[in-house]
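In our numbering, the protein residues as written are 1 to 373.
From the three backbone atoms N, C-alpha and C, an ideal C-beta is built for every residue, glycine too.
Quick caveat: nothing in here was measured; it's all calculated off a predicted structure.
Presented below is the structure to which this report refers.
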Amino acid sequence: MRRIQDALPSSVVLLLLLFCLPGCGAGGEPEPGRDGSSDSPPAGVPVPQAMEASVPKAVQPLPEFSQVAVGAEVLATLPVGRNPQQIAFSPDGATAYVAAGRSDRVTILDAKNFLVSGSMDAPGIPVGVGVLPVSGDVLVSVFKEGAVVRLDRTTGKPIGLLKTGAGSSMLAGPFLGEKFLVAAERDKRIHLFDGATMKLLASFPTAERPFPPAVTSDGKLGFVASFMDGTVTVIDLERLMLRTLFRVGRGPSGLAVLPGDEKLAVALWEENRVAIIDIKERREVQNLQDGIGLQPLSVVVAPDGRLAFVNNRMSNDISVIRLPELSVVERVKVGDIPSAMAVHPSGETLWVSCEGDHQLYVLAIPSRWTDDD
């Protein structure tokens, strides 16, 4: 794998995990790009990319897969800035926004013609982005500043600020109007806030290293995986209280609620698999390993609920899951280090941020992925 220069901090959630160096945290050095303080992640946390040349790595074999990948048509490859992360769309699907972490900006894209159309300044390592349904204003979570900033959609100027605590990560939402969830990784907390008013509604403790959350379609339950503890915290968003905590496996990173709100798909980074969890019983009911690549990072579900996608960060590909059967139907190669994904509201394209080559890939979603054999 190539050495990636100027990488984001190792503790950016769902973004910057590479290899574990047991017993020495992040190599005993401050994280690249930060203020020099020694707030490195605990022992066993994957090493920052900028340090990877000095860390010996064991060669990991690519998991075998019974299906031969045909590949997907790449409609566009767009230079969106250094270390692109979360992707969000305007309510009408005409505009896409990409948080470009090391460029300190949000890149604006014409989602119909696949063109870069502008940018908004977002100092402080932007990693998360969301769009308010009513105003169309853009929310940006900035990791270094520990805050969510609201940017005016026409001027790009900041018009609101919510402090979240250290390590503000990717956003989940909007749901139930203009509510969002955001994890503060270093503070071990998850926050519920109103994006329209930029008011904090509730805050909950989590286990070690909370990753970006997921929400049921009715907005009643929230879920957050804690990477270091191997657990998922369940939050009652109606009563604003913690519901429970349960174990799922080693290195849970991204998760997604599957259609019907009965099952949860959890990417297990350290096990190269996706665990399917029964939400009510809080137990694993299916293991997806055939077709999952190295270091699965997150899970996203298509709008029609027929497909889900997993970005495999180390093998540089995407696993396509057909949800009715809960089986992987194909693996598709993308760029270097796929860090975030989003399905366009039309359901016709998959957008993939690749922080290794600083590009965004737009893939056509072919009918064969959903057609019955």
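How would you label residue i, buried or exposed, when you count the other beta carbons within 10 angstroms and need 16 or more for buried?
i      : result
MET241 : exposed
PRO205 : exposed
ILE337 : buried
LEU8   : With a pLDDT of only 46 at LEU8, under the threshold of 50, the placement of this residue in the model should not be trusted, and no figure is reported.
SER123 : A small fix is needed here, since residue 123 is Pro in this sequence, not Ser. With fewer than 16 Cβ atoms within 10 Å of its Cβ, PRO123 is classed as exposed.
GLU145 : buried
ASP304 : exposed
VAL98  : buried
GLY260 : exposed
ASN272 : buried
GLN359 : buried
GLY249 : buried
SER117 : exposed
THR155 : exposed
ARG368 : exposed
GLU73  : exposed
LEU221 : buried
ARG209 : buried
VAL232 : buried
ASP371 : exposed
LEU258 : buried
GLU325 : exposed
Please name the residue in the options whose C-alpha comes closest to that of residue i.
i      : options                        : result
SER78  : LEU139, GLY167, TRP351, ILE365 : Before going further, note that residue 78 is Leu rather than Ser in the sequence given. Residue TRP351 is the option with its Cα nearest to LEU78.
LEU268 : THR244, LEU201, LEU323, PHE211 : PHE211
MET198 : LYS157, VAL343, ALA166, PHE180 : PHE180
GLY167 : LYS188, GLY130, PHE114         : LYS188
ALA207 : THR216, ASP218, GLU185, GLY219 : GLU185
ASN316 : ILE87, MET341, VAL129, PHE114  : MET341
VAL329 : VAL74, ILE365, ASP137          : ILE365
ARG82  : SER217, THR164, ARG102, ALA214 : ARG102
GLY265 : GLY128, ALA225, GLY160         : Rather than Gly, the amino acid found at residue 265 in this sequence is Ala. Minimum Cα distance to ALA265 is reached at ALA225.
LEU109 : VAL362, SER327, GLY165         : VAL362
ALA302 : LEU323, MET314, ARG313, SER203 : LEU323
GLY173 : VAL300, SER339, GLY260         : VAL300
GLU270 : VAL131, LEU245, ALA76, ARG313  : ARG313
VAL182 : THR154, ARG368, VAL142, ASP137 : VAL142
LEU375 : PRO252, SER253, VAL234, GLY251 : The structure shown does not extend to residue 375, since the chain is modelled only from 1 through 373, so no value can be given for it.
VAL138 : PHE89, GLN295, ALA214          : PHE89
LEU294 : ASN311, ARG283, GLY195         : ASN311
LEU297 : LYS280, VAL274, ARG306         : VAL274
GLY291 : SER327, VAL80, LYS263          : SER327
ASP357 : PHE114, VAL334, ILE276, LYS280 : VAL334
ASN113 : VAL106, THR95, LYS280          : THR95
ARG153 : ARG247, PRO84, ILE279, VAL106  : VAL106
PRO126 : SER135, VAL149, ALA111, GLY251 : VAL149
THR216 : LYS157, ARG209, LYS280         : LYS280
ALA111 : ARG282, PRO91, VAL232          : PRO91
MET120 : GLY130, LYS157, GLU355, ARG243 : LYS157
In terms of DSSP beta bridges, what is residue i paired with?
i      : result
PHE309 : VAL300, VAL320
PRO133 : Note: PRO133 sits in no beta bridge, so no partner.
GLU284 : ILE277
ASP236 : LEU221, MET241
GLN359 : PRO79, CYS354
PHE204 : ILE190
MET341 : VAL352
SER141 : GLY128, VAL148
PRO210 : SER226
ARG375 : Residue 375 is absent from the structure shown; the chain starts at 1 and stops at 373.
ALA72  : In DSSP, ALA72 forms no bridge with anything.
Less than 8 Å between the CB atoms is what I'm expecting for residue i and residue j, so what's the real figure, rounded?
i      : j      : result
SER346 : GLY93  : 6 Å
MET170 : GLN86  : 5 Å
VAL140 : LEU151 : 6 Å
SER253 : PHE223 : Actually they do not touch by this definition, with Cβ atoms about 13 Å apart.
ALA308 : ALA256 : 7 Å
VAL343 : VAL332 : With a Cβ gap of about 14 Å, VAL343 and VAL332 do not count as contacting.
GLY160 : GLU178 : Contact doesn't hold; Cβ gap of about 12 Å is too wide.
LEU162 : LEU200 : 6 Å
LEU237 : GLY219 : 6 Å
GLY230 : ARG243 : That belief does not hold up - the Cβ atoms of GLY230 and ARG243 are roughly 18 Å apart, past 8 Å.
Which two residues bound the contiguous beta strand (DSSP E) that contains residue i?
i      : result
GLY160 : 158-163
GLY254 : 252-257
PHE223 : 221-226
HIS191 : 189-194
ILE108 : 105-110
ILE87  : 84-89
GLY118 : 115-121
PHE175 : 168-175
THR95  : 95-100
ARG331 : 327-333
ALA184 : 179-184
ALA265 : 263-268
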